[in-house]
Structures are given as C-alpha cells and as structure tokens.
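In numbering that gives the first Met the number 0, the protein residues as written are 0 to 307. Where is the CB? At the ideal position from N, CA and C, for every residue including glycine. Predicted model only: the values in this text are computed from it and were never measured. Inspection log for the structure reproduced underneath, given as structure tokens.
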Amino acid sequence: MKASAWKAFWRELVKNRFLYLLTVPGIVFLFVFDYLPMVGLVIAFQDFHAVKGIWGSEFVGLKNFEFFFQSKDWLKVTFNTVYLNLLFMISGIVAAVTIAIMLSEITNKYFKRISQSVIILPHFISWSVVSMFSMTLFGSDGLINRWLKSMGLEPISFYSTPEIWPLLLVLFSLWQGAGFSSIVYLATITGINPDIYESASIDGATRWQKIRYITLPLLKPTVILLTLLSLGNLFYGNFNMIYALVGTNPLLYPTTDVIDTYVYRALMQLGDIGMASAIGFYQSVVGFVLVLTANYVTKKINPESAIF
0 MKASAWKAFW RELVKNRFLY LLTVPGIVFL FVFDYLPMVG LVIAFQDFHA VKGIWGSEFV
60 GLKNFEFFFQ SKDWLKVTFN TVYLNLLFMI SGIVAAVTIA IMLSEITNKY FKRISQSVII
120 LPHFISWSVV SMFSMTLFGS DGLINRWLKS MGLEPISFYS TPEIWPLLLV LFSLWQGAGF
180 SSIVYLATIT GINPDIYESA SIDGATRWQK IRYITLPLLK PTVILLTLLS LGNLFYGNFN
240 MIYALVGTNP LLYPTTDVID TYVYRALMQL GDIGMASAIG FYQSVVGFVL VLTANYVTKK
300 INPESAIF
C-alpha cells in the first residue's frame, strides 16, 4: 500500500474513530469464534487424540477421508444432502418472497402486525417439540391415520415410507423458516420509493401489475444475494430438523440420510474425531467453491447482484 493510501486510511480511521470503535466487539467475536477455530482444521489430517492435542497427534494425511469416500453410502448421502437442500432453498425463497409481498399488501396495520407475529412464531419453536407434533400427526395411530380410518380408507405408514419424507421435510422447513426469512424481503419492499407505486397507479396499473413490474424486479438483487449465500450451505444438511424428525429410523435413510446425520452416527459409533473433521472440511471446501462459482457466473450476467 502506498504512503498516500496509508495516510488516507489513518485519516479516515481518526475521523470516524468512535464509529469504528463500535465494530471492535463484533470483530473480536468473529475472530475468536470463526477464524481462530480454523486452526482445528488440521485435525482432519491427523489421528487425533484428545490427550495428545492438536500439536501432539500423528499426521495421517488423507486417511480420514477414506472413511467417507470408500464407504458405499457416500454417494447416497451426498445426493440426499444436495437434493434436500435445493428443495429447501428453492421452496424457501419462493415462499418467503410470496409471504413478504402478501404482508406488504396488507393495509390494516394491526392485522399486519398480528399476521407477521403468527408467521414468524414457528421459527422459535424447537425441532424437538416439532418432532412430537410430527408423531401426533403422522404416527401409526396419529390424527391423519385416524381420520383415514374413519373415512374407510387404508392408513399410511409414514415412518416406514421413505418416499414421502422429502415432501414432509420441505413442508416442515417452510412452516418453520419461511415466515422468518420473509423479514429481509419485506424490509426491501418497505425501502422501495412509494412514488414509483403512485406513478404506476396514476398510469392505471393494477395491484398485480405493480407487483410484477415493480416489486419483483426490485427484489431481484436481494434474492440473488441471499441465494448465493445459501449455496455455501448446500452441502450442509439441516441436522437439527432431520435428526429430530427422523432420528435413527433406518427405514427412512434412503431419502433422508444426509452427510451430517451420517457423520454423527459414525462419530457416535466410532468416536473418531479426525474422521468427522475430515467430512466437515470436505463440506466447507465444496460450499466455498460453490459460492465462488455462483458468484462468478452472477458477475458475468448481472455484476450488480454479485457478492464481490
């Protein structure tokens, strides 16, 4: 960095020193809990023993990765992870944008506040509690099967039918997260200049036309940005949700077993931290590459929507 650039940097730092001082706690928190733990990535290449620690454990190269890639299940759990996360991401974005637009169209402020609270509330309910709801609804003697029996229909064995669970997981994911995710899109809609809508009304635009030609195009950069950020977690299954709802039911593994649940079971059975760390490292690298690739493509198509 040139001397003039350093002078400009220090001049800016001194001028707004109190504003920059406010960022110090966040920077320290980020460093301690996000960057400092990256030293532990070396565990993925070690035969790690807690007694010996990181610096005393034996280096074994890529041996820990063989545990995952030589197993017969790695393709299945990788496919399930990507497939389910794509379903969660696409359906979640569509639902969140739809909810945000619906809320923005409500004119009664009291009804709007109540609706927002009701929609966001499921986000704060634990998946353990949701799993009990799931058993009550979909269990062999649950409400749905009772209703089917009362109608003279054959009951459905939900917990032994893996084909139906991707749909159920998507519905649970939407119920729990779509309302909370809509906050960002609603904030974007709120920030749109109301003069644009007034001009459209004067020109005779209907409500649907204003949504289609004003709201949705102006939401596009936000949607692209959040999609790019979501791609980083494409190789991370929603462990809390899937493990709470499915548990250790092997009948549902063909469609619900993701990398996180697979590694968790392996860690509980084998107790090998190095192997679990290797899979975490694999997920992080692939997620990072996906974000860079998607950002590169976005930058070529629409530079203003790229992250960097």
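A distance below 8 Å between beta-carbons, with the five flanking residues on each side excluded, links Ile42 to the following residues of its chain, in chain order: Ile53, Ser56, Ile272, Gly273 and Ser276. For a cut-off of 8 Å, the C-beta gap from Ala265 to Tyr184 is around 38 Å, too long to register as a contact. DSSP, read as helix, strand or coil, puts Glu303 in helix. With fewer than 16 other beta carbons inside 10 angstroms of its own, Met150 counts as exposed. Bounds of the alpha helix (DSSP H) holding Ala265 are Ile258 to Leu269. Within the stretch 12 to 50, the complete alpha helix (DSSP H) runs of at least 4 residues fall at 16 to 21 and 23 to 29. Collapsing the DSSP output to three states places Glu104 in coil.
Rounded to the nearest angstrom, the gap between the Cα atoms of Gly176 and Phe307 is 27 Å.
Looking from the CA of Gly178, the closest CA among Gly190, Leu120, Thr214 and Leu170 belongs to Leu120.
According to the DSSP assignment, Ser139 belongs to no alpha helix (DSSP H), since it is labelled neither H nor E. Secondary structure at Phe234: coil, using DSSP grouped into helix, strand and coil. The Cβ atoms of Gly236 and Thr80 lie closer than 7 Å to each other. In this structure, Gln45 sits away from Phe64, with a CB-CB distance that is not shorter than 7 Å.
Take the alpha-carbon of Thr106 and the one of Ser114: they are about 12 Å apart. Between the C-alpha atoms of Gly203 and Lys209 there is a straight-line separation of about 10 Å.
Counting only the Cα atoms, Thr247 lies some 27 Å from Trp146.
DSSP, read as helix, strand or coil, puts Glu153 in coil. The closest CA to that of Ala293, considering only Tyr252, Leu233, Thr205 and Pro249, is found on Leu233.
The alpha-carbon separation between Ile89 and Thr221 amounts to approximately 14 Å. For Tyr158, there is no enclosing alpha helix (DSSP H), since its DSSP letter is neither H nor E.
Asp256 and Val76 do touch by the CB rule: their CB atoms are close to 5 Å apart, below 8 Å.
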